[in-house]
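A.B. asks: Got a structure for you, questions after.
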Amino acid sequence: MSEDILQMAADIVAAYVSHNRVDLADLPSLLKSTYDKLATLGNPPVEQPTAEPLVPAVSVRRSVTPDYIICLEDGKKLKMLKRHLRSAYNLSPDEYRARWGLPADYPMVAPNYAAHRSGLAKSIGLGTRTQRAAAVEAPAAKSNKKKRSVKAA
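Structure, rendered in structure tokens:
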């Protein structure tokens with residue numbers, strides 16, 4: 010592999026020298042720098058990410074209020090945080106909690122908004138599945154008679 014790179018570097022330097030004036034003393038450094046560049050092309054340098062300490066827009070304690078939740082990333086006041094996190098930062102609620110060191114029960118919806126939605130759902134009858142299922146099964150149990158098909162003679 011390195012012999013191939015050395016041959017390519019020599020070909021590049023030869024082509025350059027044939028069209029440009031280069032001092033004889035500069036030739037080895039030109040060949041070395043060309044070789045080094047070719048060797049790094051296949052392996053881009055890995056940059057170490059600098060760990061910047063995360064500073065929330067507001068304190069975690071002040072981020073949850075009865076009417077809204079404040080996003081720790083940008084300080085926006087929202088009723089529902091989940092959609093904002095996905096669209097603005099491509100974070101899931103679990104990733105957001107892990108990033109900020111929040112407990113697993115940290116809310117993604119404002120408490121008053123959650124209570125309001127819960128009240129609406131209960132008022133239209135959602136969450137009463139067990140009562141409906143029992144009412145539906147009783148008539149279904151009576152109609153267990155097999156239907157006979159009549160064949161045409």
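Per the numbering used here: the sequence shown = residues 10 to 162. Ideal placement from N, C-alpha and C gives every residue a C-beta, glycine not left out.
Say whether the stretch 67-83 touches the stretch 26-44, bearing in mind that this needs 3 or more beta-carbon pairs closer than 8 Å, one atom from each stretch.
C.D. replies: With the cut-off at 8 Å, the stretch 67-83 and the stretch 26-44 do not touch.
A.B. asks: Find the nearest neighbour of SER68 within the set VAL118, GLU12, LEU111, ALA119, judged by alpha-carbon distance.
C.D. replies: Residue LEU111 is the option with its Cα nearest to SER68.
A.B. asks: Should the stretch 88-95 be regarded as contacting the stretch 112-128, the criterion being three or more beta carbon pairs within less than 8 Å?
C.D. replies: Counting Cβ pairs under 8 Å, three or more are found: they touch.
A.B. asks: Considering only residues of the stretch 75-105, which uninterrupted beta strand (DSSP E) runs meet the minimum length of 3 residues and lie entirely inside it, listed in chain order?
C.D. replies: Segments of the beta strand (DSSP E) lying fully in the stretch 75-105: there are none.
A.B. asks: Tell me the DSSP bridge mates of VAL73?
C.D. replies: According to DSSP, which records beta bridges pairwise, VAL73 is partnered with ILE78.
A.B. asks: What's the gap between the Cα of PRO65 and the Cα of TRP109?
C.D. replies: Their Cα atoms are separated by approximately 8 Å.
A.B. asks: Could you tell me the alpha carbon to alpha carbon distance between VAL31 and ILE14, rounded to whole angstroms?
C.D. replies: Between VAL31 and ILE14, the C-alpha separation is close to 22 Å.
A.B. asks: Out of curiosity, what's the CA-to-CA distance linking GLU104 and SER72?
C.D. replies: Their Cα atoms are separated by approximately 17 Å.
A.B. asks: Can you check DSSP and say which residues form a bridge with VAL118?
C.D. replies: DSSP, once it has assigned bridges, lists MET89 as partnering VAL118.
A.B. asks: Taking Cβ positions, are LEU40 and ALA18 nearer each other than 8 Å?
C.D. replies: Yes, they are a contact pair.
A.B. asks: The alpha helix (DSSP H) with LEU50 in it runs from where to where?
C.D. replies: From DSSP, the alpha helix (DSSP H) with LEU50 extends over 36-50.
A.B. asks: Could you name the residues of the same chain whose beta carbon sits closer than 7 Å to that of ALA48, not counting the 5 residues immediately before and after it, in chain order?
C.D. replies: Correct list, in chain order: ILE14.
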